[in-house]
Amino acid sequence: MGSHITTVKMNSFRKNTSPLLNVTLSKLRDYHASFKSICDNFSMDLSEFEHIFGASESAFVIWDTDNNGLIDSLELFSGICIFSDTKFDDKIRFLFDLFDFNELESLSPTDIEFMVYCCMSATFKIYSISSEINNEELNNFGVKNFGVDNRLTVVELIKAAKQNNQEGSSLNRQN
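Structural data, given as structure tokens:
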């Protein structure tokens with residue numbers, strides 16, 4: 113994870129100034145509720161994006177890096193969340209709910225790894241970084257910090273994220 117964080121720090125001057133960044137938790141939840149009422153899968157096209165966010169195509173293309181006319185909603189909401197004007201614990205709670213697909217009120221190591229992947233991918237898009245995410249490094253991070261068989265509740269995830277200053281730092285900053 114250290115190499116990814118270094119990459120972001122070296123490219124901080126490239127950060128996008130999208131109006132979707134620095135939103136409040138309330139606005140983030142409103143966006144997500146609109147998304148769930150309109151979209152029936154985990155992607156959205158330009159017309160859905162414009163309807164949900166009231167944003168233009170110039171904001172859409174930041175997220176549609178493969179130019180297929182669709183964006184990954186999990187990456188989008190992860191990025192909006194981690195760059196929102198929201199307290200650390202509330203960011204973790206929102207991300208937890210976003211990735212608790214089975215509604216078991218706990219996340220598996222695979223769920224957490226996927227959540228971190230989406231956060232990193234979103235961060236790279238926000239900073240216009242075209243680097244690939246090292247899946248092996250991400251897997252090692254997950255095993256080291258969360259174990260192989262553990263499921264974490266939201267309280268346990270918040271505690272684990274706070275204990276890991278390096279990886280938690282981008283979530284912990286206030287915009």
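Residue numbering for the sequence shown follows the working numbering, beginning at 113 and increasing consecutively.
Note that CB positions come from ideal geometry on N, CA and C, so glycine has one too.
Is GLY254 closer than 8 Å to GLU217 when the C-beta atoms are compared?
By 1-based counting over the sequence shown, the position of residue 217 is 105. By 1-based counting over the sequence shown, the position of residue 254 is 142. It is not a contact, given that the beta carbons lie outside the stated cut-off.
If you drop the 5 nearest sequence neighbours on each side, which residues of the same chain put their C-beta closer than 8 Å to that of PRO131?
Taking the first residue of the sequence shown as 1, we reach residue 131 at position 19. Closer than 8 Å at the Cβ level, and outside the excluded window around PRO131, lie ALA167 and ALA171.
Using 8 Å for Cβ pairs, my map puts ASP202 next to LEU137. What's the rounded Cβ distance?
For the purposes of this step, residue 202 is identified with residue 90 of the sequence shown, where counting begins at 1. For the purposes of this step, residue 137 is identified with residue 25 of the sequence shown, where counting begins at 1. Yes, ASP202 and LEU137 are in contact; Cβ-Cβ is about 5 Å, under 8 Å.
Own chain residues within Cβ distance below 6 Å of VAL135, not counting five before or after:
For the purposes of this step, residue 135 is identified with residue 23 of the sequence shown, where counting begins at 1. Only SER196 meet the Cβ criterion.
Minimum length 4: unbroken alpha helix (DSSP H) runs contained in the region 227–264
247–258
Buried/exposed call for ASP184, threshold 16 Cβ in 10 Å
Position 72 of the sequence shown, counting from 1, holds the residue named residue 184. Under this definition ASP184 is a buried residue.
Could you tell me the distance, in whole angstroms, from the CA atom of LEU90 to the CA atom of SER220?
Any answer about residue 90 is impossible in this case: the structure gives the chain only from 113 up to 287.
Suppose the cutoff is 6 Å on Cβ atoms and the five residues either side in sequence are ignored; what does the same chain contact list for ILE150 look like?
As a position in the sequence shown, residue 150 is number 38, starting the count at 1. Excluding positions up to five away in sequence, the list reads GLU160.
Locate the beta strand (DSSP E) running through GLU182, then write down its first and last residues.
By one-based count along the sequence shown, residue 182 stands at place 70. One point to set straight first is that residue 182 is Leu, not Glu, in the sequence displayed. It spans 182–184 - the beta strand (DSSP E) in which LEU182 sits, taken as one unbroken run.
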